[in-house]
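Q: Here it is, the structure in full.
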Amino acid sequence: KHQYGIEWCDKALRLDPNNVESLLARADLYLLKEEGDQAVVDLNKAQELGGGQNPKIREKLMKAMQLQRKAKRKDYYKILELTKEATSSDIKRAFRKMAKKWHPDRYRGDLSEDEVHQKMSDINEAHEILSDPERRAQYDQGHDPNDPNGGFPGGGGGGFNPFASGGGGQQFFFQGGGGGGGFPFEGFGGGQGGRFKFQFM
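When you line the sequence shown up against the UniProt record's numbering, it's residues 1 to 201, in that order.
So this is what it looks like as structure tokens:
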């Protein structure tokens, strides 16, 4: 459904490339899809068109940039071949299994010595974070405790929610009109001069 909304925004922006409402609507959908790069492009343009004075746009831009950093950080669960639902016992077992498989003294595969050492370093790092409940919670919220530049500024509990106004669970930012399969815009229709109107909740 997010892609469907993005396609409508694309159509609106072809008619009016400088429509700030359309840019913000598409950026919000990109954020919901966790596509930080595309969201940053739209938000930067919206900010420029708005004179850079809109605090809500600046806030969304910060969150889009956080998504960019999140996309580049190490996936500790993937390194240990785990899911986010892994228990502490699962983490211990996975670490022992992976350490045995990739220990430089035991490894007999095709990777170079440096690559094996890097693999083992990643395994140790993943275990260090995920076996510590506090650091794991920070990581699950989008902050990498081992990367001082990878955290979410002003962070604190609740995890990533690009549209929270001050806490609470993750909610879809738009309220769909007519119950038509989650269509993200209400009151979408042709306007004067081909402009579209998006009504935000």
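Note that beta-carbon positions come from the ideal geometry of N, C-alpha and C, so glycine has one too.
In terms of residues, what are the limits of the alpha helix (DSSP H) holding P55?
A: 55-72
Q: Short check: CB of G25 to CB of L31, under 8 angstroms?
A: For clarity, residue 25 is Ala in the given sequence; the question names Gly instead. No.
Q: Here's the rule: buried if 16 or more other CB atoms are within 10 angstroms of the residue's CB, otherwise exposed. What is L111?
A: exposed
Q: My assumption, with CB atoms under 8 angstroms, is that Q66 sits in contact with G142. Please give the rounded CB distance.
A: 6 angstroms
Q: Whole angstroms is fine: what's the gap from R73's alpha carbon to D105's?
A: 28 angstroms
Q: Tell me the rounded alpha-carbon separation between A71 and D16.
A: 31 angstroms
Q: Between L29, L23, E21, which lies nearest to G5 when the distance is taken from Cα to Cα?
A: Considering only alpha carbons, the answer is L29.
Q: Which of the three DSSP states, helix, strand or coil, is assigned to R93?
A: helix
Q: Assign L13 to one of three DSSP states: helix, strand, or coil.
A: helix
Q: So is residue 251 buried or exposed if we call it buried at 16+ other beta carbons inside 10 Å?
A: The first residue shown for the chain is 1 and the last is 201, placing residue 251 beyond what the model contains.
Q: Suppose the cutoff is 6 angstroms on Cβ atoms and the five residues either side in sequence are ignored; what does the same chain contact list for H2 look like?
A: L29, L32, K33
Q: Residues in its own chain within less than 6 angstroms of I91 by CB, not counting five upstream and five downstream?
A: L130, S131
Q: Just confirm the distance between the C-beta atoms of A94 and L82, as a whole number of angstroms; I'd bet it's less than 8 angstroms.
A: About 5 angstroms separates the two Cβ atoms, so the contact holds.
Q: Can you name the start and end residues of the alpha helix (DSSP H) that G84 belongs to?
A: The identity of residue 84 in the sequence shown is Lys, whereas the question assumes Gly. Taken as a continuous stretch (DSSP letters only), K84 belongs to no alpha helix (DSSP H), as it is neither H nor E.
Q: For E7, does the count of other Cβ atoms within 10 angstroms reach 16, so buried, or fall short, so exposed?
A: exposed
Q: Roughly how many whole angstroms lie between the Cα atoms of S121 and H127?
A: 10 angstroms
Q: What three-state label does DSSP hand H143 in the structure shown?
A: coil
Q: Should N18 go down as buried or exposed, given a rule of 16 or more other Cβ atoms within 10 Å for buried?
A: In this structure N18 is exposed. Its beta-carbon is surrounded by fewer than 16 other beta-carbon atoms within 10 angstroms.
Q: With H, G and I counted as helix, E and B as strand and the rest as coil, what does DSSP make of E7?
A: helix
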